[in-house]
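Peer 1:
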Amino acid sequence: MTMISRQDVKRSLLVSLWFVFLSFPIMVIQVNPVERTVVWRWSNMLTVAVASFLLSLLVRVWLFRQEKRLVQVQLSPSPQPSIFHDLLKQQKFRYPLVIAGSVIVLAFPLLFSSYQANIMTTALMYIVLGLGLNIVVGLAGLLDLGYVAFYAVGAYSYALLNLHFDLGFWAALPVGGLLAALFGVLLGFPVLRLRGDYLAIVTLGFGEIIRLILENWSAFSKGPSGISNIPRPGFFGVEMSLDQAMTFMYYLMLGLLAATIFVVNRLQDSRLGRAWVALREDETACQAMGIDKAGTKLIAFALGAFWAGLIGVIFAAKTTFVNPASFTFMESAIILSIVVLGGMGSITGVIFGALILILLPEYLRPLSEYRMLAFGAILVAMMIFKPEGFITGSRRVYRFQAQKNSPILKDDE
Amino acid sequence: MMSKILEVNGLTMNFGGIRALDHLDLDVHAGEIVALIGPNGAGKTTFFNCLTGIYVPTEGEIRLTSPLTGKQTLLAGLKPNKITELGMARTFQNIRLFSQMTVLENVMIGRHCRTRSLIFGAIFRPRRTRDEEQDTVDRSYRILEKVGLSAQADEFAGKLSYGSQRRLEIARALATDPFLLLLDEPAAGMNPQETADLVDLIRRIRDDGHAVLLIEHDMKLVMSLSDRVFVLDYGEKIAQGTPAEIGVNAAVIKAYLGEDMLDEEST
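Quick look at the structure:
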C-alpha cells in the first residue's frame, strides 16, 4: 500500500497554488518607487510552489502515519504511557536521571555565564507561572486569558509598597501573592456562571482592564513611564555585586519552584484536586454529587493568582523596573501556551513546556530575523503532531487498605 | 407505615408559556421503592431536576425529612450540592460520569460532601487529612464491590461498558450517603441479564436502608420492583397506586396506548 495517494497529490497541488496566490504580491512583485520600475521575480514563485507542495505532502504523510498509530493506541487495552514516563518508571534510569538533573540544575550558575543563568531564571519564573495557571486551566478547566493581570498585581504591589512605604522584598513577597489571590477572587465572582469561550473573553477583558488602569492612572502607578529603582532581594543584609545578585536570584527561584511543585503536586492529589478535575469534566454532575461549584472555582482562581502574584514580586525585583508594557496579552498567551503545549494538568509537562517556550527563542537568536518564524513553525508542528501536549496528565491509582476490624472482611474469613 | 421522607405538594414548573409540571403531589416513605412512569415528555426528568435543585420550581413545596434526625427541610431555592448534602442523591438519564477520571475516583467524588479537608489539609497532610483520604478510598472501594465494579477500579470511567457506567453512576450517588436515591432510567440500554442484575442491586440498596425513587420505561422492572407507582402524563399525575392497581388503571392504559385501543377493548 502506497502512503501517497493521487488524492494527496491533488490536495497538495491545490495547497501550493493557494500559497503561490497568497505570496504573489510580496514574493514576486517588487516595486522600486525611486526608479518607478517593477521587477517580476518569477523564480521566487517557483520556489514557493515547490516548497509548499513538498511541505504539504510531507505533512500529509505524517498525518497518515499518526492516524494509523492512533488507531493502534485505541485498540490496545491500556493507555500508552510516554517514553519519558517509561524512563522514569524504570528504577535503573530513575535515580541516575534524577541525580544528574539536580546536579546540573544546582550547579548551573557556576557552570555557565551569568547571561545563561539569567535566561534560566526567567525560564524558572515561567515554569512557576505555568504551574499556577495549570491549576486554573489544566485542573479546574477554566480558560483564563487574563492571567497576566495577577502577575501585574504582584509586580506593582511590590513596586508601589516599596516606593511609598519602603517595604522590603521579603515582606512584599507574601503581600503580593495575597493581593493577587484577592484579585483572583474578585475576578472569580462575576464569572462563576460562565464557562468556555465566554469565560475566556471576560478574563481577557479583565487582563486588559488591569493593564489600562496601570497605564492611564498616572497618579497611582506613574503611567507608561513605570516605576524604577526597585531594590533586588536582600540576603541578611549582605552586599552583593550584580553577578552575585543574579546568582542569588537563580537560587531563590529554584527554591520557590521546588516549593511550588511540592504544593501543586499535593493539591492535585487531594480532595480539592479531585473536585477541580471533576468540575472540568462535568459541572452539573459535580454539583449533583455535592461539590460546591462556586467555592471550588474561587479557590482555583485564588490559588492560581497567588503564584502569579509571587512571581510578579520577583519579576519587579529582578528587573528593578516595572511598567505596563510588561503585562500585555502576549504574556498571558505565552503562559497559556506553556500549559497547553506541555500537557494540561501535568506538572512535568508544564516544566517542559516552559523550558521549550522560553529557552527556544533565546537559543534561536543565531537565526536572527527568522527566529520568531522558526518558533512559530515549531509550535504549529507541535500542535499537529502532538495535540495533547508533550506529557499528558495521568490519574493516580489509590490503594484500598482493608481495615482489620472491618465487619465485611470478618464475614469473609 | 414508615415515616415520610419526601413530600411534594403542588409542584409546578413553567418554561415560558409551557407548563412542564402541573400541581404535582408525591411522597416517598423510608425504605420504599417508588417508581415514576409516564410516556416520553411527560415531565419525569423535569420533576427530578426540580427535586435536586437544578431547576427552581415555579410553585409548590418540596419537603425532605431525614429519617435519622427527623429534621425537616424545605428545598425551595437550595443549590444542588446542598440538597445532596441533606441526603438525596441522583443519577442521570444521559450518563454524566467524569470520564477522564478513574472508576474509583468517580466514587470518591461522591464522598466530597461528607469530607472536610481543604487547602491546608491538602498541602500539609496532617493526620486528620490522611485518615479522611484513606477512609474515602476504603468506603468508595466497598461501594464498588457492592455494585460489582471493584475489578475495574483503576480504569478510566469512560472505558467502561454502557451497563457498567450506569452502575457506576449509582455507586457514585451512593457514596454521598443518601437516605433517598433518585435513579433516572437506570436500565436504559441494558441487556436482559444486566437488567436482572440491576433489579437485584436496587433491592440490595433498599435493604441497606436507602429509599429509592426511580424513573423507568421497562415495565417489567417497574412492576416487579416497586412498592408504589406514580404515573405522569403531560405534567399531570394521572394515577398512583400499587403496581397491580396501575396495571389495570384505565387512565394509564389510555395514556400509554391511546384512546382507540381502550375503545376497542371495551367494545
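Quick note, the sequences are listed as chains A and B, same order. The first sequence begins at 1 in the numbering used here and counts up by one. The second sequence begins at 1 in the numbering used here and counts up by one. Ideal placement from N, C-alpha and C gives every residue a C-beta, glycine not left out. As the structure is a computational prediction, the values presented were derived from the model and not from experiment.
At least one CB of chain B closer than 8 Å to the CB of A/E281: is that the case?
Peer 2: Here residue 281 of chain A refers to the residue found at position 281 of the first sequence. So, interface residue.
Peer 1: Looking at chain B, is there any beta carbon in it that lies within less than 8 Å of the beta carbon of A/F400?
Peer 2: For the purposes of this step, residue 400 of chain A is taken as residue 400 along the first sequence, with counting starting at 1. It does: the Cβ of A/F400 has a partner Cβ on chain B nearer than 8 Å.
Peer 1: Quick one, which of A/W307, A/L106, A/R11, A/T121 has its alpha-carbon nearest A/F180's?
Peer 2: Along the first sequence, one-based indexing puts residue 180 of chain A at 180. A quick correction: the sequence has Ala, not Phe, at residue 180 of chain A. Of A/W307, A/L106, A/R11, A/T121, the residue nearest in Cα terms is A/W307.
Peer 1: Within 8 Å (strictly less), CB to CB, does A/M289 reach chain D?
Peer 2: The structure shown contains no chain D; its protein chains are A and B.
Peer 1: State the beta-bridge partners of A/W40 as determined by DSSP.
Peer 2: Taking the first residue of the first sequence as 1, we reach residue 40 of chain A at position 40. According to DSSP, A/W40 bridges with A/I29.
Peer 1: Let me know if B/T84 comes out buried or exposed under the rule of 16 or more other beta-carbons within 10 Å of its beta-carbon.
Peer 2: As a first step, residue 84 of chain B is located in the second sequence; it is residue number 84 there, counting from the start. By the 10 Å Cβ count, B/T84 comes out buried.
Peer 1: Classify B/K71 as buried or exposed, calling it buried when 16 or more other Cβ atoms lie within 10 Å of its own Cβ.
Peer 2: For the purposes of this step, residue 71 of chain B is identified with residue 71 of the second sequence, where counting begins at 1. Exposed, by the Cβ-count rule.
Peer 1: Figure out for me which residue from B/K44, B/P39, B/P192, B/F15 has the closest Cα to the Cα of B/L26.
Peer 2: By one-based count along the second sequence, residue 26 of chain B stands at place 26. Looking at the Cα atoms, B/K44 is the closest of the given residues.
Peer 1: Spell out whether any CB of chain A is found under 8 Å from the CB atom of B/A122.
Peer 2: Within the second sequence, the letter at position 122 stands for residue 122 of chain B. So yes, B/A122 belongs to the interface.
Peer 1: If we ignore side chains and look at the alpha-carbon of each, how far apart do A/F315 and A/G168 end up?
Peer 2: By one-based count along the first sequence, residue 315 of chain A stands at place 315. By one-based count along the first sequence, residue 168 of chain A stands at place 168. The straight-line gap from Cα to Cα measures roughly 14 Å.
Peer 1: Figure out for me which residue from A/S157, A/V48, A/Q7 has the closest Cα to the Cα of A/I227.
Peer 2: Taking the first sequence and counting its residues from 1, the one referred to as residue 227 of chain A is at position 227. Answer by Cα proximity: A/S157.
Peer 1: From the DSSP secondary-structure annotation, give me the bridge partner or partners of B/V212.
Peer 2: Position 212 of the second sequence, counted from the first residue, corresponds to residue 212 of chain B. Partner(s): B/I33, B/L181.
Peer 1: In chain A, what lies closer than 8 Å to B/Q93 by C-beta?
Peer 2: For the purposes of this step, residue 93 of chain B is taken as the residue at position 93 of the second sequence. Residues of chain A passing the Cβ test: none, with the nearest at roughly 12 Å.
Peer 1: Compare the beta carbon distance of B/Q152 and B/V103 with 8 Å and say whether it is the shorter of the two.
Peer 2: To locate residue 152 of chain B, count along the second sequence from 1; it is residue 152. To locate residue 103 of chain B, count along the second sequence from 1; it is residue 103. For B/Q152 and B/V103, yes; Cβs fall inside 8 Å.
Peer 1: Counting Cβ pairs, one atom from each stretch, are 3 or more of them under 8 Å apart for the stretch 241-248 of chain A and the stretch 291-310 of chain A?
Peer 2: Too few Cβ pairs lie closer than 8 Å, so no.
Peer 1: Answer yes or no: does any C-beta atom of chain A fall closer than 8 Å to that of B/R128?
Peer 2: As a working note, residue 128 of chain B is residue 128 in the second sequence. False, the Cβ-Cβ gap to chain A never drops below 8 Å.
Peer 1: Using the Cα positions of B/T136 and A/I334, report the straight-line distance between them to the nearest angstrom.
Peer 2: Residue numbering aside, residue 136 of chain B sits at position 136 when the second sequence is read from its first letter. Residue numbering aside, residue 334 of chain A sits at position 334 when the first sequence is read from its first letter. Rounded to the nearest angstrom, the two C-alpha atoms are 38 Å apart.
Peer 1: Which residues of chain B have a Cβ atom closer than 8 Å to the Cβ of A/G389, listed in chain order?
Peer 2: Within the first sequence, numbered from 1, the residue matching residue 389 of chain A stands at position 389. The contacting residues do not exist; A/G389 stays about 14 Å from chain B at best.
Peer 1: Counting along the chain, where does the alpha helix (DSSP H) carrying B/F15 start and finish?
Peer 2: As a first step, residue 15 of chain B must be located in the second sequence, where it is residue number 15. Careful: B/F15 lies outside any alpha helix (DSSP H), inside the beta strand (DSSP E) at 4-15.
Peer 1: Do A/L124 and A/T310 count as a contact pair if the criterion is CB distance below 8 Å?
Peer 2: Here residue 310 of chain A is taken as the residue at index 310 of the first sequence, counted from 1. Here residue 124 of chain A is taken as the residue at index 124 of the first sequence, counted from 1. Checking the displayed sequence, the identity of residue 310 of chain A turns out to be Leu instead of Thr. It is not a contact, given that the beta carbons lie outside the stated cut-off.
Peer 1: Would B/I205 and B/V212 qualify as a contact pair, given that the criterion is a beta-carbon distance under 8 Å?
Peer 2: Taking the first residue of the second sequence as 1, we reach residue 205 of chain B at position 205. Taking the first residue of the second sequence as 1, we reach residue 212 of chain B at position 212. For B/I205 and B/V212, yes; Cβs fall inside 8 Å.
Peer 1: Would B/H112 pass as an interface residue toward chain A - the criterion being a Cβ-Cβ separation below 8 Å?
Peer 2: Along the second sequence, read from residue 1 onward, the residue named residue 112 of chain B stands at position 112. Yes, B/H112 counts as interfacial toward chain A.
Peer 1: Return yes when the Cβ of A/I338 is within less than 8 Å of the Cβ of A/Y151, no when it is not.
Peer 2: Numbered from its first residue, the first sequence carries residue 151 of chain A at position 151. Numbered from its first residue, the first sequence carries residue 338 of chain A at position 338. Against a cut-off of 8 Å, the Cβ pair of A/I338 and A/Y151 comes out as no contact.
Peer 1: Looking at the secondary structure, which residues open and close the alpha helix (DSSP H) in which A/I127 lies?
Peer 2: The residue you call residue 127 of chain A lines up with position 127 of the first sequence. 114-134 is the span of the alpha helix (DSSP H), which, as asked, contains A/I127.
Peer 1: So A/P233 and A/L252 are in contact, right, with Cβ under 8 Å, and what is the actual spacing, rounded?
Peer 2: For this step, residue 233 of chain A is matched to residue 233 along the first sequence. For this step, residue 252 of chain A is matched to residue 252 along the first sequence. With a Cβ gap of about 6 Å, A/P233 and A/L252 count as contacting.
Peer 1: I want to verify the contact list: residues of chain A whose CB lies under 7 Å from the CB of B/M13, in sequence order.
Peer 2: Within the second sequence, numbered from 1, the residue matching residue 13 of chain B stands at position 13. By Cβ distance, chain A contributes nothing, its closest Cβ being about 17 Å from B/M13, past 7 Å.
Peer 1: Starting from B/I62, trace the beta strand (DSSP E) both ways and give me its first and last residue.
Peer 2: For the purposes of this step, residue 62 of chain B is identified with residue 62 of the second sequence, where counting begins at 1. First-last of the beta strand (DSSP E) with B/I62: 59-65.
Peer 1: Name, in chain order, the residues that DSSP records as bridge partners for B/R206.
Peer 2: The residue you call residue 206 of chain B lines up with position 206 of the second sequence. The partner list for B/R206 (beta bridge, DSSP) is empty, contrary to what the question assumes.
Peer 1: Please tell me whether B/L143 and B/T91 are closer than 8 Å, where the distance is taken between their beta carbons.
Peer 2: Locating residue 143 of chain B in the second sequence gives position 143, counting from the first residue. Locating residue 91 of chain B in the second sequence gives position 91, counting from the first residue. Leu is not the amino acid found at residue 143 of chain B; the sequence shown has Ile there. No.
Peer 1: Can you list, in chain order, the residues of the stretch 181-210 of chain B whose Cβ is nearer than 8 Å to any Cβ on chain A?
Peer 2: Those residues of the stretch 181-210 of chain B that come within reach of chain A (Cβ to Cβ, closer than 8 Å) do not exist; the list is empty.
Peer 1: If you follow the beta strand (DSSP E) that B/D233 is part of, which residue opens it and which one closes it?
Peer 2: To locate residue 233 of chain B, count along the second sequence from 1; it is residue 233. Residues 228-233.
Peer 1: Strictly below 9 Å CB to CB, what residues from chain B border A/V397?
Peer 2: In the first sequence, the residue the question calls residue 397 of chain A occupies position 397. By Cβ distance, chain B contributes T102, L104, A153, D154.
Peer 1: Check distances from the C-beta atoms of the stretch 291-325 of chain A to those of chain B and list, in chain order, the residues that come in under 8 Å.
Peer 2: Against chain B - using a Cβ distance shorter than 8 Å - the residues of the stretch 291-325 of chain A are I291, D292, K293, I299, L303.
Peer 1: Taking A/V263 as the query, report the chain B residues whose CB atoms sit under 8 Å from its CB, ordered along the chain.
Peer 2: Residue 263 of chain A sits at position 263 when you count from the first residue of the first sequence. Per Cβ cutoff of 8 Å: I123.
Peer 1: Look at A/V137 and A/L129 and say whether their C-beta atoms are less than 8 Å apart.
Peer 2: Counting from 1 along the first sequence, the entry for residue 137 of chain A is found at position 137. Counting from 1 along the first sequence, the entry for residue 129 of chain A is found at position 129. No. Outside cutoff.
Peer 1: Can the beta-carbon of B/G241 be found less than 8 Å from the beta-carbon of B/D22?
Peer 2: To locate residue 241 of chain B, count along the second sequence from 1; it is residue 241. To locate residue 22 of chain B, count along the second sequence from 1; it is residue 22. No, the pair does not count as a contact, with Cβ atoms beyond the cut-off.
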